[in-house]
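Protein chains in written order, with my numbering: chain R, 1428 to 1541; chain Z, 277 to 390.
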């Protein structure tokens, strides 16, 4: 069974700083990992999907990396803005290869201080 | 592309009542997923469909829960004889079939049991 952990649970940084969010998973036999953003009371917005064959994926100020051998992924946010304040969740497919059910971490609640 | 739509956004009901939620996926997506999220946790997988076929159900989905996707388009999730523990956000997601297709989420239905 896949287990996903996100540490820290909460993070506050001043506006303009670069930051890294961490995600670890127990089953390295994944073929992708997805990062989401969730605003309070809202659903999830897909940010990036990084495939197992990729080491990095970029979208604007966001960069996700994936290291299957160590069971880790990171989400790098450059030049943070107050609008980046949200909960960030990572999710990996559950169980065996080819299964698309996602297992989520509990998220990191990010606050950008103006 | 209007995104995943869920209705209602909020539902308040008394314990013991039946409730039904609706999800309209992105039109060309043949896969549809239901997840449940409680406060401070990541979403947990409930069930998913490929077209009209329900391919998998989580053990979280007790006999009081039933989901349908009759024509492979919209889906409904019904909870019978609601209990306090059913209070949660119910999220729907959709995707194209394929190993590296991202799941796109709706804004969810928040269920509160009085």
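Built from N, CA and C at the ideal position, the CB exists for glycine as well.
The structure displayed is predicted, hence computed values, not measured ones.
query                                                                                                                                                                           : result
With 7 Å as the C-beta to C-beta threshold (strictly closer), list the residues of the region 1469-1500 of chain R near chain Z in chain order.                                 : 1469, 1470, 1471, 1473, 1476, 1478
Pull up the CB-CB distance for residue 1497 (chain R) and residue 1460 (chain R), whole angstroms please, since I reckon it's below 8 Å.                                        : Going by Cβ atoms, the distance from residue 1497 (chain R) to residue 1460 (chain R) rounds to 13 Å, so no, they are not a contact pair.
According to DSSP, what are the bridge partners of residue 329 (chain Z)?                                                                                                       : Z:326
What's the C-alpha gap between residue 1471 (chain R) and residue 1453 (chain R)?                                                                                               : 23 Å
Residues bridged to residue 380 (chain Z) by DSSP?                                                                                                                              : Z:370
Considering only residues of the same chain and omitting the five flanking positions on each side of residue 324 (chain Z), which have a CB-CB separation below 8 Å?            : 307, 308, 309, 310, 330, 331, 332
If you follow the beta strand (DSSP E) that residue 280 (chain Z) is in, where does it begin and where does it stop?                                                            : No beta strand (DSSP E) contains residue 280 (chain Z), which DSSP labels as neither H nor E.
Assign residue 1520 (chain R) to buried or exposed, taking buried as 16 or more other Cβ atoms, counted over all protein chains shown, within 10 Å of its Cβ.                   : buried
Using the rule of at least 16 other Cβ atoms within 10 Å of the residue's Cβ for burial, across every protein chain shown, is residue 1486 (chain R) buried or exposed?         : exposed
Of all the CB atoms in chain Z, is at least one closer than 9 Å to the CB of residue 1537 (chain R)?                                                                            : no
Determine which residues share a DSSP beta bridge with residue 287 (chain Z) and list them.                                                                                     : Z:387
Please list the partners that residue 1438 (chain R) has in chain Z, where partner means a Cβ-to-Cβ separation under 7 Å.                                                       : Neighbours of residue 1438 (chain R) on chain Z: none; closest Cβ ~15 Å, over 7 Å.
What separation, rounded to the nearest whole angstrom, lies between the Cα atoms of residue 285 (chain Z) and residue 346 (chain Z)?                                           : 22 Å
Along the region 339-363 of chain Z, where does the CB come closer than 8 Å to a CB of chain R? Name the residues.                                                              : none
With distances taken from CA atoms, which of R:1532, R:1447, R:1531 is nearest residue 1538 (chain R)?                                                                          : R:1447
Applying the criterion that 16 or more other CB atoms from any shown protein chain within 10 Å of the CB defines a buried residue, is residue 1509 (chain R) buried or exposed? : exposed
Can you give me the start and stop residues for the beta strand (DSSP E) that residue 296 (chain Z) sits inside?                                                                : 295-300
If you measure beta-carbon to beta-carbon, which residues of the region 295-329 of chain Z are closer than 9 Å to chain R?                                                      : 307, 309, 311, 313, 316, 317, 318, 319, 320, 321, 324
Closer than 9 Å between beta carbons: that is the criterion. Which residues of the region 1440-1454 of chain R meet it against chain Z?                                         : none
Using a Cβ-Cβ cut-off of 9 Å, state whether residue 336 (chain Z) counts as contacting chain R.                                                                                 : no
Helix, strand or coil for residue 1511 (chain R)? Go by DSSP, reduced to three states.                                                                                          : helix
Under 8 Å, with one C-beta from each stretch per pair, do the region 347-360 of chain Z and the region 295-303 of chain Z reach the 3-pair mark?                                : yes
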